[in-house]
Amino acid sequence: MRQKFKDIPAAIAYFLYEKGVLHNRIKVHSIDETIDVLLHTEKSMVRFGDGEIVMIKGGDLMLQKADPEIAKGLAEILAYPHDDLIVTIPGIFETLSDHHRDSRQFWKDHLLFNRKTYETYCNPDRVYYSTFVSRCYYYAADRSGCGAQFAKVRKIWENRDIVVVEGERTHNGVGNDLLDTARSIERIICPPSDAYRAIPAILDACTAYGKDRLFLLSVGVAAKFLAVKLFERGYRVLDIGNLDMEYEWFVRRAPGKMKLEKHDCISEEANRAAGYTSYLEQIKVRV
């Protein structure tokens with residue numbers, strides 16, 4: 001019953017927004033346009049999902065406690081201050097017709113409570129890029145184009161030396177071919193929660209590498225700040241978030257969200273038992 005009381009006003013508000021009764025000044029490129037700019041330029045990327053918007057409002061996330069310093073920093077990044085560091089946000093402002101039913105309702109509810117945050121902090125002089133570049137499978141009502149999108153994403157790091165900065169459970173590209181196009185893979189493993197406090201140590205580990213490396217970040221809220229700091233130091237960095245999880249769901253043709261076994265592999269023994277020896281060899285630093 002409580003959910004219905006939320007869903008009904010969310011649906012009404014979105015209808016008014018979609019029809020132009022409520023003004024929409026936020027513009028977002030499509031997923032394919034976002035992939036293309038990453039594939040054909042050397043631009044870096046920082047991504048905002050629903051969680052980062054909640055944190056700007058002062059809310060907690062599962063793996064990151066609320067903090068005024070974090071909220072202020074996220075708001076500054078959301079303002080899109082750099083030309084060659086693209087900022088992505090959910091492309092939900094013009095239509096949700098390409099989303100399946102549950103995804104449509106989630107984003108309608110999200111906008112009901114967070115629309116003002118976007119309107120306050122998004123730069124009206126920018127066209128943003130799509131956060132669904134890293135989540136292009138789950139949301140989609142029609143998933144027939146996902147294979148082509150993932151194929152283009154994998155070309156972004158083709159023949160590149162990459163450094164994956166991730167939590168100990170994440171396992172980007174482990175057990176699938178997401179990163180197989182890269183020339184080499186090294187990993188920096190970060191704390192599983194409150195990684196924001198470890199940013200100085202993570203940054204030190206990253207900047208030990210040359211600027212020829214491409215950095216892929218999957219460290220939650222901390223990734224936003226790391227992306228900016230590395231970008232400002234001349235590195236190319238992509239905040240890929242949960243891309244690997246979406247790719248696993250795509251490969252498995254999962255009808256919806258599903259738990260991945262590799263996320264339970266934490267210890268060296270568990271990773272060896274799962275056959276993830278190459279993954280362990282790629283780990284160069286544990287922060």
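Mapping to our numbering: the sequence shown position 81 is 81, numbers consecutive. The beta-carbon is built from N, C-alpha and C at its ideal position, and this holds for glycine as well.
Only residues of its own chain outside the window of five on either side were considered, and among them L226 and K229 have a CB closer than 7 Å to the CB of L203, listed in chain order. Within the DSSP secondary-structure output, C190 pairs in a beta bridge with G167. When Cβ pairs closer than 8 Å are counted between the two stretches, the stretch 81-91 is seen not to touch the stretch 163-174, the count staying below three. With a contact defined as Cβ atoms closer than 8 Å, T181 and E166 miss out at about 18 Å.
Rounded to the nearest whole angstrom, the C-alpha separation of S184 and D50 is 32 Å.
The secondary-structure analysis by DSSP pairs F215 across a beta bridge with V163 and V237.
For M258, there is no enclosing alpha helix (DSSP H), as DSSP marks it with neither H nor E. For L230, the enclosing alpha helix (DSSP H) stretches over residues G220 to E232. Along the stretch 72-121, the beta strand (DSSP E) occurs as fully enclosed runs of 3 or more residues at 85-89, listed in sequence order. Judged by beta-carbon spacing, R187 lies within the 8 Å limit of I283, meaning their Cβ atoms are closer than that value. A contact is defined here as three or more CB-CB pairs under 8 Å, and the stretch 211-226 fails this definition with respect to the stretch 26-39. Counting only residues of its own chain and dropping the five nearest sequence neighbours on each side, H263 has a CB closer than 6 Å to the CB of R169. For Y137, the closest of I26, V28, T277 and L243 by C-alpha to C-alpha distance is L243. In this chain, the beta strand (DSSP E) harbouring R47 covers S44 to R47. Leaving aside the five residues that flank L214 on each side, the residues in its chain whose CB is nearer than 6 Å to its CB run, in chain order, W157, R160, I162 and R236. In the DSSP assignment, R286 falls outside any alpha helix (DSSP H) and within the unbroken beta strand (DSSP E) covering I283 to R286. Between the stretch 76-84 and the stretch 113-125 there are three or more inter-stretch CB-CB distances shorter than 8 Å, so the stretches are counted as touching. For the 8 Å CB-CB criterion, R135 and E281 do not form a contact. The three-state reading of DSSP puts A140 in strand, counting E and B together. Between the alpha carbons of D36 and G256 lies a distance of about 27 Å. Distance between I8 and H99, taken at the CA atoms: about 18 Å. Judged by DSSP secondary structure, T34 falls within the alpha helix (DSSP H) whose first and last residues are I31 to H40. In this structure, T95 is the residue among E52, E42 and T95 with its C-alpha nearest to the C-alpha of V28. Annotated three-state conformation of I8 is helix, per DSSP. Under a 10 Å Cβ-count criterion, T120 is classified as exposed, with fewer than 16 other Cβ atoms of the shown protein chains found around its own Cβ.
Under the 10 Å beta carbon count, T131 is surrounded by 16 or more other beta carbons and is classified as buried. Each residue's CA atom was taken as its position, placing V219 and A195 some 7 Å apart.
Under the DSSP definition of a beta bridge, I156 lacks any partner.
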